[in-house]
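Number of protein chains: 2
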Amino acid sequence: MKTMRDFLKVTKALSDKTRVRIFKMLQQKKMCVCEVQAVLGMAQSTSSKHLKILEDAGLITSVKDGLWVNYQLEQHSHNPHAGPIISYLCSVLDDDPEVKVDAKKADRANRLELCSK
Amino acid sequence: MKTMRDFLKVTKALSDKTRVRIFKMLQQKKMCVCEVQAVLGMAQSTSSKHLKILEDAGLITSVKDGLWVNYQLEQHSHNPHAGPIISYLCSVLDDDPEVKVDAKKADRANRLELCSK
DNA sequence: TTCATATATCGTATATTAACGATATAGTAT
DNA sequence: ATACTATATCGTTAATATACGATATATGAA
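Residue numbers (our numbering), protein chains in the order written: chain A, 3 to 119; chain B, 3 to 119.
Right, here's the structure in full:
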């Protein structure tokens, strides 16, 4: 059942530039919160909050790995609107300047170097 | 060129329930501001503002007809992200309770009866 | 011209959102 | 158990968005 509520969850989640940037990072590779934080250059609490909003919308999912939490794009979302929008967003914005810079930073991001500092 | 800015214009425009309702109304038929206002049950200034936001995002377009302004879904949007999202939104939410009620009201709405009151 | 009307814009109050630092929680290691 | 660390949540402030009424603009009629 594709509800208005679920549709608005997706559009609200993707109506913020920071969250679109996170989505495009995660399209490239799975990342933990501290890696996302490092690429964004924002506070840990802020990064965690954005990830939660994307997860609640069914756009990304998290997998615990010990002390870390790996976030990745959702493949089997509970939100029926997520799939089509995920497909679309994956197909665009790769040439956006900020997205490209983020992609480079994400590529180099290493949780072992980033954490415990 | 599909920019981040244009993408965010579309997602922001569709991150508000009132504007999704307006979009689904216009999918059914062209409407003037006073007809949209009557279906929404909101102030004229509010209705006009929402229509402007949807138009700025390239999701709808307006055609002047004397004193009236007819709004309709955009077919040849300047915003390259609009087309795909328009197609998707047209294909969903027809069974939403509020959208259905709006559709009935829109069907009955008559600018000649609504205006000059 | 003047009057009437449909829409757009302005000004403002309220509500929502995003950011931060501080703290709490949960898992690892010793 | 204690100590350490990655993440989540809390509390607050600043920015943004939504709603309204009032006013301005633009078109049509007399």
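All C-beta atoms, glycine included, are put in the ideal place defined by N, C-alpha and C.
- For residue 66 (chain B), the enclosing beta strand (DSSP E) has its first and last residue at 62 to 67.
- At least 8 Å separates the beta-carbon of residue 77 (chain A) from that of residue 32 (chain A).
- Among the bridge pairs identified by DSSP, residue 74 (chain B) is matched with B:63.
- Between residue 71 (chain A) and residue 79 (chain A), the C-beta spacing is not below 8 Å.
- Ranked by Cα distance from residue 60 (chain B), the first of B:104, B:10, B:114, B:115 is B:10.
- Here DSSP, grouped into helix, strand and coil, assigns residue 92 (chain B) to helix.
- Proximity of residue 25 (chain A) to chain B, defined by a Cβ-Cβ separation below 8 Å, is not satisfied.
- Nearest C-alpha to residue 19 (chain B) among A:112, A:13, A:114: A:13.
- Against chain B, the beta carbon of residue 13 (chain A) has neighbours under 7 Å at 13, 16, 17, listed in chain order.
- When C-beta atoms of the segment 22 to 39 of chain B are compared with those of the segment 103 to 119 of chain B, three or more pairs fall below 8 Å, so the two segments count as touching.
- 8 Å or more divides the Cβ of residue 114 (chain B) from the Cβ of residue 36 (chain B).
- Shown here for residue 58 (chain A): same chain residues with a beta carbon closer than 7 Å to its own, the five before and five after excluded, namely 11 in chain order.
- By the criterion of a C-beta distance shorter than 7 Å, residue 41 (chain B) is surrounded in its chain by 27, 104, 107, 108, 111, once the five residues flanking it on both sides are discounted.
- The closest CA to that of residue 93 (chain B), considering only B:44, B:22, B:3, is found on B:22.
- For residue 5 (chain A), at least one C-beta of chain B is nearer than 8 Å to its own C-beta.
- DSSP links residue 33 (chain A) through a beta bridge to A:73.
- Within 10 angstroms of the beta-carbon of residue 45 (chain A) lie fewer than 16 other beta-carbons, which makes it exposed.
- Within chain B, no residue has its CB atom less than 9 Å from the CB of residue 38 (chain A), the nearest being about 18 Å off.
- DSSP places residue 10 (chain A) inside the alpha helix (DSSP H), whose first and last residues are 6 to 15.
- Proximity to residue 53 (chain B) across B:43, B:67, B:34 peaks at B:34, based on C-alpha coordinates.
- Assigned with DSSP and collapsed to three states, residue 43 (chain A) falls in coil, not helix or strand.
- Classified as buried, residue 91 (chain A) has 16 or more neighbouring CB atoms from the shown chains inside 10 Å of its CB.
- By alpha-carbon distance to residue 15 (chain A), the top candidate from A:30, A:55, A:85 is A:55.
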